[in-house]
Amino acid sequence: MKFSLTVDQRAMRDALRDLLARECPPAVVRDAWSGHDPAKLWAELADMGLTGAMVPSEHGGLGLSDVDVVAMLGEVGYAAVPLPVAATVAVAGPALAAAGDPTGVLPDIAAGRCRVSLVNAGGLAPYGRFADLFLFLADNAVRLATRADVELTDVSTVDGSRAMVRVSGTGAVVTATPEELALARDRATLAVAAELVGLGRRMLDLTVGYVSQRRQFGVPVGSFQAVKHQLATVLQALAFAEPAVLRAAWSSQTGAATRSRDVSMAYVLAHDASQLAARVALQCHGAMGYTVEYDLHLFAKRAWALAAESGGVDQHLDRIGEAIGVGR
Amino acid sequence: MDLTFTAEDEAFRQEAREWLRENVPAQPLPSGDTREGFAAHLEWERRLYEARWSVVSWPAAYGGRDATPWQWLIFEEEYYRAGAPQRVTQNGIFLLAPALFEFGTQEQKDRYLPAMARAEHLWCQGWSEPGAGSDLAAISSRARRDEQAGGWLLTGQKTWTTRGAFCTHMFGLFRTDPDAPRHRGLTYFLVPLDAEGVEVRGFGRLDGDEGFADVFLNDVFVPDRDVLGEVGEGWRVAMATTGSERGLTLRSPGRFLAAVQRLIELANARRDALTPRLRERLIRSWIAAEAYQLFTLRQVTDLLDGTAVPAESSLNKLHWSELDVYLTETAMQLLGPEAEVDGAWPRAFQFALAGPIYAGTNEIQRNIVAERLLGLPRT
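Those protein sequence lines, which keep their order, are chains A and Z.
Per my numbering, the very first residue in the first sequence carries number 28; after that it's consecutive.
Per my numbering, the very first residue in the second sequence carries number -6; after that it's consecutive.
Structural data, given as structure tokens:
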């Protein structure tokens, strides 16, 4: 038993953290709000190997595991990277590899020449405006479409950095194996959970920094128990979500029978912790946080967007209920 | 990352499981917080000791099995899974013993640990006073030096002392230097409750059991050999082991994993009462218990790697105490009208309500989390 990342996993995660601190400051997220494609950031991520992290080495990737990647996705969330990292890296890469890469796109994905947007059940494709390929996890199959296969309509979103499009049309079947489809869906859910925990951490850090320096009544507002206790509760929620996310990655990596249950559990905890973090962060910032000039809204809106994209907790609570013997 | 136990650990689990299956009383014992129940629990404690299951993580020389932290967690999991009795000895084993191991002299360890393992010495904790609850450093019970006799004379009142009326010994904090700053003038004493000048009066807790006691001390003589740690260092000695109280040794995940399994059984026996809202509470109870397990596995890994953060035990305490309230409230709602009838769940519910209060209120824990883990400014 050893419940921790390896030295290598920590090193990779920390390297990504440093890169994102440099290459994806809030200004880059704001640029995405203005419709700017953060192409340089994607190139940097490809250079460090992230885009092909779960692509096998024979297709030009690093062949990393779920645990490796989930640890890094927390950093992607922390920086609110306005690009389809999770969809490309954690979902499309391994799903296409398992199917033998029928259209031969994996080398392009690994090299950073090709971005994949995951189309949700309602036809919304986050970062679709910046994407080359569209992945569908619906109608009993994993499907892949090129831009030529589908029609795209721009959609304005609450989180303006989402480069959202609505997709009509569908792609060619990559695999119709139920287990591959289920695995791809679980990986998509888990990736969101990892990002949500990272976003929660970011909002907590931002708020701790703010309430430590903001003075009212002659003292930092962070010295008041009413503020402290709310932030302690946010840390509590995040601290218990993190191991659940890591365990779900382990279950995915080892093909555990409990994978779906574990992914759902990670999602519920990460979802709730991130939404609480957004709520508390806004409250503890007072009016300062309730403005688009301050950075907090970039992270809060991303947390809301990811919660919406992934469909909320209900289906996951049901799935856990089935697994523990209290199904409907 | 490796979330599997070694073959050796699994063998340990098997041995524990088999012994528990053969030895756990078929009928639950009466509450250990009543006089007759306490006696029945002592018998159980002695049976645990005979089979060397009473203090598994201690060295064999003191009656333990030198169990690793993983094995300790496994034992706890099996213990609660088997529905074994509450541990009436736990305040000694889990709260005093870590301090004895860390600060005790060899003579103190030899004199006290084996007797504790055998459930011959039964310890209660003498920290709270009428004027010092959350503000523990406000302790006013004092110890006066008796140079000639080579010891101290203790005077004052301790209260809300768990199982104080049934215990034989008390470990407690007393003010030895009234002029020192509040945290500095305290000393940690080991006091036999049959000493002259001690009067113990049990009183009822919220659930009606005589689980609490007032301990009055009037010039009680305690020799120097029963000071734990240095004179004036009582606060440090007490705080060094508060992690045990708040964290996983007091309330290990096994307890809640077992409780949530019983809750699932209750729900399945009362399917008609299982509304969608209660089903969600049930699922969330399971999630919270499982999350505590995972958090603990991570924490024990850190402990073994030497990267543990002591103040994190406040997160454990917040989590398990809130989980326990949520879980038992769910059971009460599932029981419907039957929740009014005295029984295991109503008792568990009432006891759970103490969780956010004892071992440092959750308000104090949130202050600790905010100040030590988040670095927010002190008030």
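Just so it is clear, CB atoms sit at the ideal spot from N, CA and C, and this is done for glycine as well.
Worksheet item: Do three or more CB pairs link the stretch 219 to 226 of chain A to the stretch 271 to 285 of chain A at distances below 8 Å?
Response: yes
Fill in: Interface flag, Gln302/A vs chain Z, CB-CB below 8 Å
no
Worksheet entry | Cut-off 8 Å between Cβ atoms - residues of its own chain near Phe31/Z, not counting five sequence neighbours on either side | Gly25, Val81, Arg156, Phe159
Worksheet entry | Sequence-distant residues of the same chain with beta carbon closer than 6 Å to Asp322/A, five excluded per side | Pro53
Worksheet item: Does the distance from the C-beta atom of Gly165/Z to that of Gly119/Z stay below 8 Å?
Response: In this structure, Gly165/Z sits near Gly119/Z, with a CB-CB distance shorter than 8 Å.
Worksheet item: In angstroms, rounded to a whole number, what distance separates the CA positions of Glu206/A and Ser301/A?
Response: One C-alpha to the other measures close to 29 Å.
Worksheet entry | Residue range of the unbroken beta strand (DSSP E) whose run includes Leu145/A | 143 to 146
Discussion item. Just verifying my parser: in three-state terms, what is the DSSP assignment at Thr204/A?
Written reply: coil
Worksheet entry | Within 8 Å, strictly: CB atoms of Ala80/A and Val118/A | For Ala80/A and Val118/A, no; Cβs fall outside 8 Å.
Discussion item. By alpha-carbon positions, which one of His176/Z, Pro370/Z, Gly149/Z, Gly368/Z ends up nearest to Met232/Z?
Written reply: His176/Z
Discussion item. Let me check understanding here. Comparing Cα to Cα, which of Ala59/A, Lys29/A, Pro83/A, Gly348/A lies closest to Met191/A?
Written reply: Ala59/A
Worksheet entry | Residues near Arg371/Z by beta carbon distance below 6 Å, same chain, minus five either side | Excluding positions up to five away in sequence, the list reads Glu364.
Item to complete: Would you verify that the beta carbon of Asp266/A is, or is not, closer than 8 Å to some beta carbon of chain Z?
Response: The question names Asp, but residue 266/A in the sequence shown is Ala. At least one beta carbon of chain Z lies nearer than 8 Å to the beta carbon of Ala266/A.
Discussion item. Relative to the C-alpha of Ile67/Z, which candidate in Ala125/Z, Ala53/Z, Glu8/Z has its C-alpha closest?
Written reply: Glu8/Z
Worksheet entry | Residues that Thr148/Z contacts on chain A, provided the C-beta gap is smaller than 7 Å | Per Cβ cutoff of 7 Å: no residues; Thr148/Z is ~34 Å from chain A at best.
Discussion item. Measuring only the C-alpha atoms, how far is Pro134/A from Trp69/A?
Written reply: 15 Å
Item to complete: Output, in chain order, the set of chain A residues within a Cβ distance shorter than 9 Å of Asp212/Z.
Response: By Cβ distance, chain A contributes nothing, its closest Cβ being about 40 Å from Asp212/Z, past 9 Å.
Item to complete: Name, in chain order, the residues that DSSP records as bridge partners for Gln150/Z.
Response: Phe209/Z
Discussion item. I want to see whether chain Z comes within less than 8 Å of Gln243/A, judged by CB atoms only; does it?
Written reply: no
Worksheet item: Do Gly87/A and Ala137/A have their C-beta atoms within less than 8 Å of each other?
Response: yes
Practice prompt. Could you check the C-alpha separation between Ala335/A and Pro153/A for me, to the nearest Å?
Written response: 11 Å
Discussion item. Between the alpha carbons of Met75/A and Gly348/A, how many angstroms are there, rounded?
Written reply: 40 Å
Worksheet entry | Those residues which DSSP pairs with Leu160/A across a bridge | Secondary-structure assignment with DSSP links Leu160/A through a beta bridge to Val143/A, Thr173/A.
Fill in: Given Thr180/A as reference, the closest of Leu233/A, Ala165/A, Gly155/A, Val82/A once Cα atoms are compared
Gly155/A
Discussion item. Quick check: what's the CA-CA separation for Leu296/Z versus Ile257/Z?
Written reply: 32 Å
Practice prompt. Kindly provide the ranges of any alpha helix (DSSP H) runs that are 4 or more residues long and lie completely inside the stretch 319 to 351 of chain Z, ordered along the chain.
Written response: Fully enclosed alpha helix (DSSP H) runs of no fewer than 4 residues occupy 337 to 345 of the stretch 319 to 351 of chain Z, in order along the chain.
Worksheet item: Does any CB atom of chain Z fall closer than 8 Å to the CB of Met28/A?
Response: yes
Worksheet entry | Straight-line Cα distance separating Val340/A from Arg286/A | 17 Å
Item to complete: Starting from Trp63/Z, find everything on chain A with Cβ-Cβ shorter than 9 Å and list it in chain order.
Response: Chain order gives the chain A residues near Trp63/Z as Met28, where near means a beta carbon separation below 9 Å.
Discussion item. Using a Cβ-Cβ distance cut-off of 8 Å, determine whether Arg274/A contacts chain Z.
Written reply: yes
Item to complete: Under the assumption that Val385/Z contacts Val213/Z (Cβ atoms under 8 Å), give the Cβ distance between them as a whole number of angstroms.
Response: For chain Z, the structure presents residues -6 to 372; residue 385/Z sits outside this window and is missing.
Worksheet item: Is it true that the stretch 38 to 53 of chain A meets the stretch 91 to 99 of chain A, where meeting means three or more beta-carbon pairs spaced less than 8 Å apart?
Response: yes
Fill in: Span of the beta strand (DSSP E) around Met163/Z
162 to 168
Discussion item. Looking at Glu69/Z: is its Cβ nearer than 8 Å to the Cβ of Gly247/Z?
Written reply: yes
Item to complete: Starting from Ala126/A, trace the beta strand (DSSP E) both ways and give me its first and last residue.
Response: Note, Ala126/A: premise wrong, no beta strand (DSSP E); not H, not E.
Worksheet item: To which residues of the same chain is Ala204/Z closer than 7 Å at the C-beta, ignoring the five residues directly before and after it?
Response: Before going further, note that residue 204/Z is Gly rather than Ala in the sequence given. Excluding sequence neighbours, Gly204/Z sits near Asp26, Thr155, Arg156, Arg198.
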